[in-house]
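Student: As they're listed, the protein sequences go chains R and B.
Residues are numbered in our numbering as their position in the first sequence, beginning at 1, plus a constant of 14.
Residues are numbered in our numbering as their position in the second sequence, beginning at 1, plus a constant of 915.
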Amino acid sequence: MILDLKGQFELTELRQKKRTTSGAWVRFFIGIVILAAVVSFFASGYSPPGICGEVLRNNQANDIDATPLLYMEVENMSALEDTVRMMMDAARSRADSLSG
Amino acid sequence: MNNGIRSLWKGEDWWAIWIGFAFIIGSLLSIVPHVPKIGKWTDDPLSALMIVKDGVATGNLILPLILLMIAICALTSIGMAFMKTERLSHYIPAFVVVFMLACISYWIANQVNVSYWGLSYALWSLLIGLLISNTIGTPKWLKAGAQTELFIKIGLVLLGCEILFKKIMALGPPGLMVAWIVTPIVVIFMYKFGRDVLKISNKPLIIIVAAATSVCGVSAAIAVAAACCAKKEDLTLGVGMTLIFTVLMMFFMPLGIKWVGMNPILGGAWMGGTIDSTGAVVAAGSMLGDNAEKVAAVVKMIQNVLIGVVAFVVAIYWVTKVECEEGAPKPNAMEIWRRFPKFVLGFVAASILFSFIVVPATGGDFKIVEASYIKPITKTLRGWFFCLAFASIGLQSNFKDLASRMEGGKPMILYVIGQSFNLILTLLVAWVAFLILFPNAI
């Protein structure tokens, strides 16, 4: 009798564990579907209407990658630096000619 | 003393330095000629795996990616074998899976339309890891490959190569004022505000949020988290907040600047000093015109250089002040050295090597160094290590722990108040620097 009860208890525990595991896998697959939907939304090229999407449309029009975390990851950083240097030189010679 | 010497081959910090410098020296000696990275793609997902030269596909990336995985796995395995932190028979198969998750994250982030939104690999790798750990749970065997701290530390040593000190004068005194005066003030203000006013008990989280807000978002958060030995969950929270607010600021700050009719140079400098990630700064700056975009990007670049200084100061402050119990005697030099996160030395050494030896050796030409060593090798490798680290963090985090660290939303309040202070102070200093003190600088 005791053995039988123990067996039944183990069986229930096993079933519960199986249910939890299958529940976890269901949650995982739902998560995958949601993640795929989110990625598809951002990858679709959609931009919010009005001023909210203005920056995004500018990025699309000028092919600006907004993901770089640091300056070295920006593709045209050297060109940006060069232009700033030229702007500074031009400003300096402008100031010199005015004072001269 | 024996322990000190033993840590050279037993300590994770030292192994981060050895592995990081193995890659750096390999790049300088041209032993590592190129590190593959997942390409950009629009409609055809497989095109991300193509090697494209001059617009023509010349091969695919599968073999180079496998070789990269083997190289990283081999070097980290040597470290693991010495440190005896994980059995190699457990680590190697788990690492392969973590590397694949990193590849998927890069692949998503490199979709062209996704990249326009500013959603980087850090976000996707975190999300994928979190999805696994919070649904089916990260299997025990996979946890062996999620070596977050080691990946972060190696990535930071490699990041040192990108921190070139001579770049700080790229915009002259006004650029330096905006990037280097405001940033330390905001870090200190946020740390004190979080600790003394909001009474946030988790000090590492405060300093991570402060560094992410005032220096440069995700990269600063990683560097500071490692310097103060923060928990993974703290880094996840800090990075999560900065990623969300960066996108919001990128979308709305240029619109506000245009709406009030602000001087574009001032607007560019303001955004460069406040928006967290460089990509978002460039995107937002571009909305104000060509000149504003350039000024914004260069101000951010000057601020990026501060990562090294901030990480070093935080590491020192943590071992001398924060980790000491109240009333305890001041730790002596040996104790400070014992507690100091040694990988920071590797980070600083890499920065000094590139700033004062490698760049001058090429006649002071940054472009040669960037094009030959940094962009194709150390920068790409650093990205891979950070991506592996974020996937690992996701695999080891669960939402319950994250929620318990929110302390009723206090870190969020800290971010909002700190960023507001940052916005006001940066605008003030940028206005004084660019329009009052140096009106003819640019």
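From the three backbone atoms N, C-alpha and C, an ideal C-beta is built for every residue, glycine too.
(1) Using the Cβ count rule (16 or more neighbours within 10 Å means buried), how would you classify B/Y1036?
(2) Going by DSSP, name the residue or residues bridged to B/K968.
(3) In this structure, does DSSP put B/M916 in helix, strand or coil?
(4) Straight-line CA distance for B/Y1288 to B/I1115?
(5) Under a CB-based cut-off of 7 Å, is R/A109 close to chain B?
(6) Considering only the beta carbon of each residue, do B/M1156 and B/I1190 sit closer than 7 Å?
(7) Against chain B, does R/S92 count as a neighbour if the rule is that its beta carbon must be under 7 Å from one of theirs?
(8) Closest to B/V876 by C-alpha separation, out of B/K1215, B/L1120, B/I1292, B/L1317, would be which residue?
(9) Output the distance between the C-alpha atoms of R/T26 and R/K32, rounded to the nearest integer angstrom.
(10) Listing by chain order, which chain B residues have their CB less than 7 Å from the CB of R/V47?
(11) Helix, strand or coil for B/W1032, going by three-state DSSP, please let me know.
(12) Could you say if the segment 1099-1111 of chain B and the segment 1328-1335 of chain B meet the contact criterion of at least three C-beta pairs nearer than 8 Å?
(13) Apart from the five residues on each side of it in sequence, which residues of its chain come closer than 7 Å, Cβ to Cβ, to B/L1181?
(14) Measure the beta-carbon distance from R/V69 to B/A1198 and round it to whole angstroms, keeping in mind my assumption that it falls under 8 Å.
(15) For R/I78, collect the residues of the same chain with a Cβ closer than 8 Å to its Cβ; drop the 5 residues on either side in sequence, then sort them by chain order.
(16) Report, in whole angstroms, the separation of the C-beta atoms of B/V1210 and B/A1184, which I expect to be a contact under 8 Å.
(17) Compile a chain-ordered list of the residues in the segment 1166-1185 of chain B whose CB is closer than 7 Å to at least one CB of chain R.
(18) So, are the CB atoms of B/L865 and B/G1298 less than 7 Å apart?
(19) Quick check on R/D110: buried or exposed, where buried means 16 or more other Cβ atoms within 10 Å of its Cβ?
(20) So, at 8 Å on beta carbons, what are the nonlocal neighbours of B/F1353 in its own chain, with the 5 sequence-adjacent residues on each side left out?
(21) Does B/Q1026 come out as helix, strand or coil in the three-state DSSP assignment?
(22) Just to make sure I have the definition right: I need the residues of chain B whose C-beta is within less than 9 Å of the C-beta of R/Q74. Which are they?
(23) Looking at the secondary structure, which residues open and close the alpha helix (DSSP H) in which B/N1206 lies?
(24) Based on Cα-Cα distance, which residue from B/G1060, B/V1225, B/S1312, B/V1259 lies nearest to B/L1003?
(25) Looking at chain R, is there any beta carbon in it that lies within less than 7 Å of the beta carbon of B/L1113?
(26) Taking the CB atoms as reference points, tell me whether B/I1292 and B/S945 lie closer together than 7 Å.
(27) Using 7 Å as the threshold, is the C-beta distance between B/A1024 and B/L1303 below it?
(28) For R/G59, return the contacting residues in chain B, with the cut-off set at a CB-CB distance below 8 Å.
(29) For B/F1300, which option in B/L1074, B/Y1031, B/A1009 has the closest C-alpha, if you only look at C-alpha atoms?
(30) Based on Cα-Cα distance, which residue from B/I953, B/I1267, B/Y1232, B/G994 lies nearest to B/K925?
(31) Between B/L1091 and B/I1267, how many whole angstroms is the CB-CB distance? I'm expecting something under 8 Å.
(32) Can you find the residues in the same chain that come closer than 6 Å, C-beta to C-beta, to B/L1158, ignoring five residues on each side of it along the sequence?
(33) Answer with yes or no whether the minimum CB distance from B/M965 to chain R is below 7 Å.
(34) Can you list, in chain order, the residues of its chain with a C-beta nearer than 6 Å to that of B/I953? Leave out the 5 residues immediately preceding and following it.
(35) Any beta carbon of chain B sitting closer than 7 Å to that of R/L70?
(36) Is the distance from the Cβ of R/D94 to the Cβ of B/T1193 below 7 Å?
Tutor: On the basis of the coordinates in this document:
(1) In the second sequence, counting from the first residue as 1, residue 1036 of chain B sits at position 121. B/Y1036 comes out buried.
(2) Looking up residue 968 of chain B in the second sequence gives position 53. Answer by DSSP bridge pairing, in chain order: B/V971.
(3) In the second sequence, counting from the first residue as 1, residue 916 of chain B sits at position 1. Annotation note: pLDDT 49 at B/M916 (below 50); position unreliable, coordinate value reported separately. The answer is coil: DSSP assigns B/M916 none of H, G, I, E or B.
(4) As a working note, residue 1288 of chain B is residue 373 in the second sequence. As a working note, residue 1115 of chain B is residue 200 in the second sequence. Straight-line Cα distance between these residues: approximately 42 Å.
(5) By 1-based counting over the first sequence, the position of residue 109 of chain R is 95. Chain B, which has a Cβ nearer than 7 Å to the Cβ of R/A109, makes this yes.
(6) Position 241 of the second sequence holds residue 1156 of chain B. Position 275 of the second sequence holds residue 1190 of chain B. Against a cut-off of 7 Å, the Cβ pair of B/I1190 and B/M1156 comes out as no contact.
(7) Taking the first residue of the first sequence as 1, we reach residue 92 of chain R at position 78. By this cut-off, R/S92 is an interface position.
(8) Because residue 876 of chain B is not part of the residues shown, which for chain B are 916 to 1357, the question remains open.
(9) As a first step, residue 26 of chain R is located in the first sequence; it is residue number 12 there, counting from the start. As a first step, residue 32 of chain R is located in the first sequence; it is residue number 18 there, counting from the start. Their Cα atoms are separated by approximately 10 Å.
(10) Here residue 47 of chain R corresponds to residue number 33 of the first sequence, with the count starting at 1. Those do not exist, as R/V47 stays about 11 Å from chain B at its closest Cβ, beyond 7 Å.
(11) Here residue 1032 of chain B is taken as the residue at index 117 of the second sequence, counted from 1. In this structure, B/W1032 counts as coil in the three-state DSSP scheme.
(12) yes
(13) As a first step, residue 1181 of chain B must be located in the second sequence, where it is residue number 266. Excluding positions up to five away in sequence, the list reads A1345, W1346, F1349, L1350.
(14) For this step, residue 69 of chain R is matched to residue 55 along the first sequence. For this step, residue 1198 of chain B is matched to residue 283 along the second sequence. Going by Cβ atoms, the distance from R/V69 to B/A1198 rounds to 6 Å, so yes, they are a contact pair.
(15) To locate residue 78 of chain R, count along the first sequence from 1; it is residue 64. N72.
(16) The sequence position of residue 1210 of chain B within the second sequence is 295, counting from 1. The sequence position of residue 1184 of chain B within the second sequence is 269, counting from 1. Correct: roughly 5 Å between the Cβ atoms.
(17) F1166, P1169, L1170
(18) Since the first residue of chain B shown is 916 and the last is 1357, residue 865 of chain B is not available in this structure.
(19) Counting from one through the first sequence, the residue named residue 110 of chain R turns up at place 96. It counts as exposed.
(20) Indexing the second sequence from 1 puts residue 1353 of chain B at position 438. Only G1087, P1088, P1089 meet the Cβ criterion.
(21) Stepping through the second sequence from its first residue, residue 1026 of chain B is reached at position 111. Looking at B/Q1026 - three-state DSSP - the assignment turns out to be strand.
(22) Sequence index remark: in the first sequence, residue 74 of chain R carries index 60 (1-based). Ordered by position in chain B, the residues that pass the 9 Å Cβ test against R/Q74 are V1027, N1028, Y1031.
(23) To locate residue 1206 of chain B, count along the second sequence from 1; it is residue 291. It spans 1205-1219 - the alpha helix (DSSP H) in which B/N1206 sits, taken as one unbroken run.
(24) In the second sequence, residue 1003 of chain B corresponds to position 88, counting from 1. Nearest C-alpha to B/L1003: B/G1060.
(25) Against the second sequence, residue 1113 of chain B aligns to sequence position 198. B/L1113 does not count as touching chain R.
(26) Taking the first residue of the second sequence as 1, we reach residue 1292 of chain B at position 377. Taking the first residue of the second sequence as 1, we reach residue 945 of chain B at position 30. No; because the gap between Cβ atoms is not below 7 Å, this pair is not in contact.
(27) Numbered from 1 along the second sequence, position 109 holds the residue referred to as residue 1024 of chain B. Numbered from 1 along the second sequence, position 388 holds the residue referred to as residue 1303 of chain B. Result no, Cβ atoms of B/A1024 and B/L1303 do not sit closer than 7 Å.
(28) For this step, residue 59 of chain R is matched to residue 45 along the first sequence. Within chain B, the residues near R/G59 are N1028.
(29) Counting from one through the second sequence, the residue named residue 1300 of chain B turns up at place 385. Nearest option by C-alpha distance: B/L1074.
(30) Position 10 of the second sequence holds residue 925 of chain B. For the residues B/I953, B/I1267, B/Y1232, B/G994, the minimum Cα distance to B/K925 belongs to B/G994.
(31) One-based indexing of the second sequence puts residue 1091 of chain B at position 176. One-based indexing of the second sequence puts residue 1267 of chain B at position 352. Contact flag wrong, Cβ pair sits at about 20 Å.
(32) Translated into the one-based positions of the second sequence, residue 1158 of chain B becomes position 243. These residues qualify, in order along the chain: L1038.
(33) Within the second sequence, residue 965 of chain B is the residue found at index 50, counting from 1. No, no contact with chain R.
(34) If you number the second sequence from 1, residue 953 of chain B lands on position 38. A963, Y1021, W1022, N1025.
(35) Position 56 of the first sequence, counting from 1, holds the residue named residue 70 of chain R. At least one chain B Cβ lies under 7 Å of R/L70.
(36) Stepping through the first sequence from its first residue, residue 94 of chain R is reached at position 80. Stepping through the second sequence from its first residue, residue 1193 of chain B is reached at position 278. According to the sequence shown, residue 94 of chain R is Leu rather than Asp. In this structure, B/T1193 does not lie closer than 7 Å to R/L94 by Cβ.
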